[in-house]
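Residue numbers (full-length UniProt numbering): 1 to 77.
Note that the Cβ used here is the ideal one computed from N, Cα and C, for glycine as well.
Being a predicted model, the structure only gives us computed values, none of them experimental.
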């Protein structure tokens, strides 16, 4: 699956995201399922808790958490 995020104008940031299969899995899950809770992302991707937390931190600017604790793709905020 190829994902295109038109809001990713920074080429280095885009390449950093694509280098990691875990980050790609998280982004793909959110792109396909929309805003999701942490446990839904965990179940949907099969990644461990620690891996997801680590990569969600590194995806700041691409993924955000709202007041309901739902993670969602950002639109270049």
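### Query
Who does residue 102 pair with in a DSSP beta bridge?
In the structure as shown, the chain starts at 1 and stops at 77, and residue 102 therefore has no counterpart that could be examined.
### Query
What's the C-alpha gap between residue 73 and residue 14?
By 1-based counting over the chain shown, the position of residue 73 is 73. By 1-based counting over the chain shown, the position of residue 14 is 14. The straight-line gap from Cα to Cα measures roughly 14 Å.
#### Entry: DSSP beta-bridge partners of residue 73
For the purposes of this step, residue 73 is taken as residue 73 along the chain shown, with counting starting at 1. Assignment of beta-bridge partners to residue 73 by DSSP yields 63.
### Task
Kindly indicate which three-state DSSP category residue 48 falls into: helix, strand or coil?
As a working mapping, residue 48 is identified with position 48 in the chain shown. The answer is coil: DSSP assigns residue 48 none of H, G, I, E or B.
### Query
Since residue 47 contacts residue 25 with CB under 8 Å, what's their CB separation in whole angstroms?
Residue numbering aside, residue 47 sits at position 47 when the chain shown is read from its first letter. Residue numbering aside, residue 25 sits at position 25 when the chain shown is read from its first letter. The Cβ separation is near 6 Å, so the contact holds.
### Query
If you run the structure through DSSP and keep just helix, strand and coil, what is residue 68?
Taking the first residue of the chain shown as position 1, residue 68 is located at position 68. Correct three-state label for residue 68: coil.
### Query
Going by the CB atoms, is the gap between residue 31 and residue 51 shorter than 7 Å?
In the chain shown, the residue the question calls residue 51 occupies position 51. In the chain shown, the residue the question calls residue 31 occupies position 31. Not in contact: residue 51 and residue 31 (Cβ atoms no closer than 7 Å).
### Query
In terms of alpha-carbon separation, which member of 18, 49, 55 and 37 lies closest to residue 67?
Here residue 67 is taken as the residue at index 67 of the chain shown, counted from 1. Just measuring C-alpha positions, the residue of 18, 49, 55 and 37 sitting nearest residue 67 is 37.
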